[in-house]
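**Student:** Numbering (the UniProt record's numbering), first residue to last: 1 to 471.
Backbone N, C-alpha and C fix where the C-beta goes; we use that ideal spot for every residue, glycine too.
Small disclaimer: the values here were computed from a predicted structure and weren't measured.
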């Protein structure tokens, strides 16, 4: 008897009626109460949710791009202050109005705060998290949750209690037919055609080295560092303060005039602006800084040297208010802190690990027999790795200990899922339904989920979620 988690339903399941003429192509699975058991993975595509610290990506497994890609940060406003009309991107829950998605979040409102449902990569505010799921289903997926199995990524250090609470939420509140949680590092490794490797994930809030061996996350080898995209944004903000450059977000600007390089900006402020909160204003300023990061910054291919940096070509950049100037050595000095924290003002080089040390420390904490395999497959992912020269510098630092860094040009913040890597039949065995027994009443998702090994030489199609630069 097949006791593996699977998805079954009778022939009269409502989804069959929505298919129109012709019977659905079904895969026999374990029998249901009526003796008729069929798998729905091919009838209705599974939904993939990848909710990171910077952005939310969601879509159908196997498609070229996600249905939803919007900021994880949401605007929060008390219901009595927001009025009675619910607009696009607004979700009202228990006296609160959540402004979700790019357009709704960028509208200035009196007293609106910004918040994130995640802390340290794990769900902290469940009410806000539910509002994000509701918005994704209603505005982007535009389908009933009970029609689609769900695969959701989770942080490798996620706790059992949060995992069980999320499982209960998806089954009880959204009535999904089947559910599976998988570690982000495992999905990243298999998206790159490897079952063993060291996944270096540098995103908005942290940089993490996660060893994966035969589809399992080695928890004892996880090493985290706060030197990531938000750290670079903080360094850029300090640079602007030193240069006496005001960060004026676009929502404040009514008009501006062209000025010569280095001259004070000539712009006009909008009238009758709402009394926005400090958190919302800072979020808008951070978007200006993140654009500066993506346009100007570059990682030096060797340890930072002031004389060498002074000879590098400058890059011209114009702020939203019209101020413009050239940036030279500073465009190399700021990202140098990722690899050599001793160059950062106010930080001790002994308190934080640079990116290269994060990798070597993580591999050094693993069994000696698997270290060669980890050194031979260092996979970089996350929006912060899109900084120009990031992988070249990492490859240089690891060159004496490792082969060339495993890289792919389409890396980006988050998850890359492909049918050849996680085909329907393995997902079918991993999906769990509410009927599957467990001591807590919900499936006991293991810390590391075994997935069939793949040949690194296999050529895979484009990932589900293309890259999107972020801080």
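1. If you check the beta carbons only, do residue 199 and residue 381 fall under 8 Å apart?
2. Verify whether the separation of the beta carbon atoms of residue 137 and residue 149 is less than 8 Å.
3. Rounded to whole angstroms, how far is the Cβ of residue 256 from the Cβ of residue 321, which I believe are closer than 8 Å?
4. Three-state secondary structure (DSSP) at residue 280?
5. Just confirm the distance between the C-beta atoms of residue 74 and residue 49, as a whole number of angstroms; I'd bet it's less than 8 Å.
6. Would you list the one or two residues that DSSP bridges to residue 230?
7. Would you decide whether residue 273 is buried or exposed? Buried here means 16 or more other CB atoms lie within 10 Å of its CB.
8. What's the gap between the Cα of residue 259 and the Cα of residue 323?
9. Assign residue 383 to one of three DSSP states: helix, strand, or coil.
10. Whole-angstrom Cβ separation of residue 171 and residue 180, contact assumed at under 8 Å?
11. Below 8 Å on the Cβ atoms is my contact criterion, and I expect residue 129 with residue 101 to pass it. Report the Cβ-Cβ distance as a whole number of Å.
12. Report the three-state DSSP secondary structure of residue 1 (helix, strand or coil).
13. Nearest by alpha-carbon distance to residue 211: which of 188, 232 and 204 is it?
14. What residue does the beta strand (DSSP E) around residue 316 start on, and which one ends it?
15. Which one or two residues does DSSP pair with residue 289 in a beta bridge?
16. For residue 306, which option in 287, 264, 45 and 331 has the closest C-alpha, if you only look at C-alpha atoms?
17. Do residue 294 and residue 54 come within 8 Å of each other at the CB atom, strictly closer than that value?
18. To the nearest angstrom, how far is the alpha carbon of residue 275 from that of residue 318?
19. Do you know offhand how far residue 76's Cα is from residue 297's?
20. Express the C-alpha separation of residue 363 and residue 155 in angstroms, rounding to a whole number.
21. Pick from 194, 289 and 197: whose alpha carbon is nearest that of residue 237?
22. Helix, strand or coil: which one does DSSP assign to residue 131?
23. Can you tell me whether residue 337 is helix, strand or coil according to DSSP?
24. Please give the ranges of any beta strand (DSSP E) in the segment 179 to 234, keeping only runs that are unbroken, at least 3 residues long and fully inside the region.
25. Under 8 Å between the Cβ atoms of residue 118 and residue 184?
26. Quick check: what's the CA-CA separation for residue 223 versus residue 209?
27. Quick one: using the 10 Å Cβ neighbour count with 16 as the cut-off for buried, is residue 86 buried or exposed?
28. Mark residue 163 as exposed unless 16 or more other C-beta atoms lie within 10 angstroms of its C-beta, in which case mark it buried.
29. Helix, strand or coil for residue 394? Go by DSSP, reduced to three states.
30. Excluding the 5 residues preceding and the 5 following residue 240 in the sequence, name in chain order all residues of the same chain whose CB lies nearer than 7 Å to its CB.
31. Please classify residue 397 as buried or exposed, where buried requires at least 16 other C-beta atoms within 10 Å of its C-beta.
32. With residue 353 and residue 225 assumed to form a contact (beta carbons below 8 Å), what rounded beta-carbon distance in angstroms separates them?
33. Pull up the distance between the alpha-carbon of residue 113 and that of residue 286, whole angstroms please.
34. According to DSSP, is residue 239 helix, strand or coil?
35. Taking only three categories from DSSP, how would you classify residue 355?
36. Quick one: using the 10 Å Cβ neighbour count with 16 as the cut-off for buried, is residue 263 buried or exposed?
**Tutor:** Straight from the coordinates:
1. Yes, the Cβ-Cβ distance between residue 199 and residue 381 is below 8 Å.
2. For residue 137 and residue 149, no; Cβs fall outside 8 Å.
3. 6 Å
4. helix
5. Going by Cβ atoms, the distance from residue 74 to residue 49 rounds to 16 Å, so no, they are not a contact pair.
6. DSSP output for residue 230 lists no bridge partner at all.
7. exposed
8. 7 Å
9. Residue 383 falls in the helix class under three-state DSSP.
10. With 8 Å as the limit, residue 171 and residue 180 do not qualify as a contact, their Cβ atoms being about 12 Å apart.
11. Rounded, the Cβ-Cβ distance is 15 Å, inconsistent with contact.
12. Low per-residue confidence applies at residue 1: pLDDT is 39, beneath 50, and the placement is therefore not dependable enough to give any value.
13. 188
14. 315 to 318
15. Residue 289 is not bridged to any residue.
16. 331
17. Against a cut-off of 8 Å, the Cβ pair of residue 294 and residue 54 comes out as no contact.
18. 27 Å
19. 32 Å
20. 19 Å
21. 289
22. helix
23. helix
24. 179 to 183, 197 to 202, 207 to 213 and 223 to 225
25. no
26. 5 Å
27. Note on residue 86: pLDDT 49, under 50, position unreliable in the model; the coordinate value appears next. Exposed.
28. buried
29. helix
30. Excluding positions up to five away in sequence, the list reads 247.
31. Taking every protein chain shown into account, the CB of residue 397 has 16 or more other CB atoms within 10 angstroms, so this residue is buried.
32. So it is a contact: roughly 5 Å between Cβ atoms.
33. 15 Å
34. helix
35. helix
36. exposed
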